[in-house]
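Peer 1: Residue numbers (my numbering), protein chains in the order written: chain H, 153 to 332; chain X, 340 to 789. We treat Cβ as the ideally placed atom computed from N, Cα and C, and that holds for glycine.
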Amino acid sequence: MTTPCPLELDVRPQLARGEEPFAAIMEATDRLQPGQSLRLIAPFRPAPLFSVMANRGFGVSDRRRPDGAWEVVFAPLEDAVLDPGLAPGSTPGAALWPDPSHVLDLAGLMPPEPMVRILETLAGMQAGEVLFALLDREPMFLFPELAQRGHEWAGNLAPDGMSYRLLIRSGGPDRAVHHG
Amino acid sequence: MIGKQIARWTMAWFASALCCLIASLGFAAVGLAGPGGWAAGTAMATVHLFALGWLCQMMIGALIQFTPVLCARPLKMPGLSLPALLLTGLGTAMLAAGFLSMDGWVLGQNLLGLAPAVVVAGFGLTAVMLVPTLLAGQGLRQAEVRMVALALIALAGLWGTGTAMALTLAGYNLLPVFIPDALPLHVLLGTGGFLTLAAFGVSYKLFAMFLLAPDRDGPLRKAVFGMAALVVVLVLGLAGSILARGPRLPLGLLVAVAGAVTAGLYLVEMLRLWRSRHRLQTEVNMRWSRAAMICLAMSAALMVPTFRWGAAWAEAAMFLALVGWLSTLTLAQMVKIVSFLTWIQVFAPQIGRRPVPLVSDLTDARFAGRCLGLWATGVAGGTFAIAVGHPLLFQVSAMILLVAVLGLTRELLAIRRLRHLDPARLPDHLPPLVLPVPLRSSSDDHALPA
């Protein structure tokens, strides 16, 4: 079996235009074939992306090229899952996170209200702080938003299937927060 | 893996389906289809624009959007959605045009013969996306996933029986069938099989969410699946026997009874779900979904007596199922789904950064409710017109349905353009109305040799 060629994505032109490349990177990741790597070219070392891609089951290797750009290869990990019982996309090693500093009981709320409460709470949390939320169901629309904002998460359905338990480790206060 | 959770082409699937709905109701309103004239080519074209163009495209678009939510897994190969949409849309148009050959348009015969190949390419790409996603993870252990998988099996049977009839009508001798034998099975596999079972599967999850009701896989849900599987196996067996020119098996009454029991069990479960809801004040989509449920009950109740009462009642039962049950449900939920997805697209990135409106602020629920009420009036009129064989009353009912849909289309446009929000709260850029948000970077990436 041959390994597909890496997909190369150069985000320098986009950044030069002042555009946010995150969506393009996620789109390129979605388009990868099984076993295919993503080679990302960026003008700086895109460290915040490493945890996002780790959540998605990619290992990372990076180097600085002679022209000053950073070349980062995200290679899919063969057995990227994780603690048994965690939902796909969960961060490995969430068991080692500190105890939650914030707890939200979001059972009985109509979507997207749980998502609103979680993101509003995260906006005021420091990097590394952990939020625990109890929900009625898996918040599928929340995950891309967490990834985009640089937060890590791990979650699973309770054994009786009646609630979803979600831990989120803050990646730091939202730089784009506008107060007032 | 977990990516963006809004399927890129959902709005395009919905828009294509709505265009087919408006076209088919327009044709019915000018008398091209109706009681006493279903065998005409224009009527067959109208029926297929409705069943395949509107309902099947709508259901496929919804499944591409919601299968990841049902399975808590991202969709496999989402890039196939656009080709699947184009092929299904083209196949529908070819089929509808092809049926005009029955009214003497000779060129239409070729279209009728080719359309099944185009439609199956669209269905096939859809299956490539949906089936591996449904089977991943918990997969078939979940009731709703099992039901959608069964619906897809019925879809294959729907296509098989349809192809045999289309080829026969087009004059090809590949799968010759006696149309009056194959037609009831084709109708059952489409209406009761694919569309109704997929609606069951999606409704388990969505209704529990919209009503804040406990979502449990109990014995009743297993019984619904067991009965539905029995009906699908029976109908596929009958269809296989007809296609293989085997004996005509006298199982029609058994299928009708089993189908009616399946619908009855499902309705009992939905009634329980409704009663166990924590959200006492329901929204417009759920209020009008009750009307859809009543139509399902009436259609199921008519299934057995039609054996005695004759063709007009069978047609009325089918009208109730396609227009009353499936379309009312789809239109009511469409208002909610479009406003929810639009909210996620526009406001999810703003949460925690600035105040965001409620999802319900995007909709004029009173106007949507009036349109759905008008639709229900058209359903009642159309059913009565078919039962008593009154073409003019049917035309008037089709006009009422058309006006209702044009009103709902106006409301959907208002939701997509955030017209019900205070202009001061509008974001600088709105997402495109129907097409996905363009990916500006896609010209910057390319595959390199390793």
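Between the C-alpha atoms of residue 170 of chain H and residue 198 of chain H, what's the straight-line distance to the nearest angstrom?
Peer 2: C-alpha separation (whole angstroms): 16 Å.
Peer 1: Quick one: is residue 691 of chain X near chain H, going by C-beta distance under 8 Å?
Peer 2: Closer than 8 Å to some Cβ of chain H, the Cβ of residue 691 of chain X qualifies, so yes.
Peer 1: Following a CB-centred definition, is residue 201 of chain H positioned closer than 7 Å to any heavy atom of the ligand MG?
Peer 2: Of ligands this structure carries none, so the ligand MG is not represented either.
Peer 1: Do you know offhand how far residue 167 of chain H's Cα is from residue 664 of chain X's?
Peer 2: Answer to the nearest angstrom: the Cα atoms are 50 Å apart.
Peer 1: Please report how far the alpha carbon of residue 308 of chain H lies from the alpha carbon of residue 317 of chain H, in whole angstroms.
Peer 2: Going from the Cα of residue 308 of chain H to the Cα of residue 317 of chain H covers about 6 Å.
Peer 1: DSSP three-state label for residue 525 of chain X, please.
Peer 2: Three-state DSSP puts residue 525 of chain X in a helix.
Peer 1: Nearest-angstrom Cα distance between residue 657 of chain X and residue 723 of chain X?
Peer 2: So the two alpha carbons sit approximately 12 Å from each other.
Peer 1: Please confirm whether residue 180 of chain H and residue 159 of chain H have their CB atoms less than 8 Å apart.
Peer 2: Taking 8 Å as the Cβ cut-off, residue 180 of chain H and residue 159 of chain H qualify as a contacting pair.
Peer 1: What would DSSP say about residue 414 of chain X, mapped onto helix, strand or coil?
Peer 2: If DSSP states are grouped into helix, strand and coil, residue 414 of chain X belongs with coil.
Peer 1: Which same chain residues, not among the five before or five after residue 204 of chain H, have their C-beta less than 6 Å away from its C-beta?
Peer 2: Excluding sequence neighbours, residue 204 of chain H sits near 299.
Peer 1: Against chain X, with Cβ distances strictly below 8 Å, would residue 260 of chain H count as a contact?
Peer 2: Output row for residue 260 of chain H: interface = yes.
Peer 1: Could you have a look at residue 518 of chain X and say whether DSSP puts it in helix, strand or coil?
Peer 2: In this structure, residue 518 of chain X counts as helix in the three-state DSSP scheme.
Peer 1: Quick check: the Cα distance between residue 192 of chain H and residue 759 of chain X, rounded to an integer number of angstroms?
Peer 2: Straight-line Cα distance between these residues: approximately 42 Å.
Peer 1: In angstroms with no decimal places, state the Cα-to-Cα distance between residue 432 of chain X and residue 712 of chain X.
Peer 2: C-alpha separation (whole angstroms): 30 Å.
Peer 1: How would you call residue 624 of chain X, buried or exposed, if buried means at least 16 neighbouring beta carbons within 10 angstroms?
Peer 2: Counting Cβ neighbours within 10 Å, residue 624 of chain X comes out buried, since at least 16 surround it.
Peer 1: Does the Cβ of residue 208 of chain H have 16 or more other Cβ atoms within 10 Å, making it buried, or fewer, making it exposed?
Peer 2: Burial call: buried.
Peer 1: Kindly indicate the opening and closing residues of the alpha helix (DSSP H) around residue 315 of chain H.
Peer 2: Careful: residue 315 of chain H lies outside any alpha helix (DSSP H) and carries neither H nor E.
Peer 1: Since residue 168 of chain H meets chain X, which of its residues come closer than 8 Å, beta carbon to beta carbon?
Peer 2: Chain X residues near residue 168 of chain H: none, gap ~11 Å exceeds 8 Å.
Peer 1: With respect to the beta strand (DSSP E) encompassing residue 306 of chain H, which residues constitute its N-terminal and C-terminal limits?
Peer 2: Per DSSP, residue 306 of chain H belongs to the beta strand (DSSP E) from 304-309.
Peer 1: In angstroms with no decimal places, state the Cα-to-Cα distance between residue 642 of chain X and residue 594 of chain X.
Peer 2: Approximately 9 Å, taken between the alpha carbons.
Peer 1: Measure the alpha-carbon distance for residue 702 of chain X versus residue 531 of chain X and round it to whole angstroms.
Peer 2: Each residue's Cα considered, the two are about 31 Å apart.
Peer 1: Taking 8 Å as the CB-CB cut-off, is residue 412 of chain X touching chain H?
Peer 2: Yes, residue 412 of chain X lies at the interface with chain H (some Cβ there is under 8 Å from its Cβ).
Peer 1: Using a threshold of 8 Å, state whether the C-beta atoms of residue 380 of chain X and residue 464 of chain X are closer than that.
Peer 2: No, they are not a contact pair.
Peer 1: Could you list which residues in chain H have their beta carbon closer than 8 Å to that of residue 403 of chain X, in chain order?
Peer 2: The contacting residues do not exist; residue 403 of chain X stays about 14 Å from chain H at best.
Peer 1: Nearest-angstrom Cα distance between residue 372 of chain X and residue 176 of chain H?
Peer 2: Whole-angstrom Cα-Cα distance: 48 Å.
Peer 1: Within 8 Å of any Cβ in chain H, is that where the Cβ of residue 764 of chain X sits?
Peer 2: False, the Cβ-Cβ gap to chain H never drops below 8 Å.
Peer 1: Please confirm whether residue 178 of chain H and residue 407 of chain X have their CB atoms less than 8 Å apart.
Peer 2: For residue 178 of chain H and residue 407 of chain X, no; Cβs fall outside 8 Å.
Peer 1: Excluding the 5 residues preceding and the 5 following residue 478 of chain X in the sequence, name in chain order all residues of the same chain whose CB lies nearer than 7 Å to its CB.
Peer 2: Here the set comprises 484.
Peer 1: Ordered along the chain, which non-local residues of its own chain (more than five positions away) have a Cβ less than 7 Å from that of residue 821 of chain X?
Peer 2: What the structure shows of chain X is the stretch from 340 to 789, and residue 821 of chain X is not part of that stretch, so it cannot be assessed.
Peer 1: Could you compute how far the alpha carbon of residue 694 of chain X sits from the alpha carbon of residue 747 of chain X?
Peer 2: So the two alpha carbons sit approximately 28 Å from each other.
Peer 1: Which residues in the same chain as residue 518 of chain X place their Cβ atom closer than 6 Å to its Cβ, once the five residues preceding and following it in sequence are excluded?
Peer 2: If we look at residue 518 of chain X and ignore the five residues flanking it on each side, its Cβ neighbours are 504.
Peer 1: Where does residue 213 of chain H sit, in a helix, a strand or coil, going by DSSP?
Peer 2: Of the three classes helix, strand and coil, the one that applies to residue 213 of chain H here is strand, per DSSP.
Peer 1: Any C-beta of chain X sitting closer than 8 Å to the C-beta of residue 275 of chain H?
Peer 2: So yes, residue 275 of chain H belongs to the interface.
Peer 1: Tell me which residues of the segment 667-693 of chain X have at least one Cβ-Cβ distance to chain H shorter than 8 Å, keeping chain order.
Peer 2: Hits within the stretch, in order: 679, 682, 683, 687, 688, 690, 691, 692, 693.
Peer 1: Of all the options X:551, X:470, X:411, which has the alpha carbon lying nearest to the alpha carbon of residue 282 of chain X?
Peer 2: Past the edges of chain X, shown from 340 to 789, lies residue 282 of chain X, and the structure says nothing about it.
Peer 1: My output table needs one value for residue 254 of chain H: the three-state DSSP class, helix, strand or coil.
Peer 2: Residue state, collapsed to three classes: strand.
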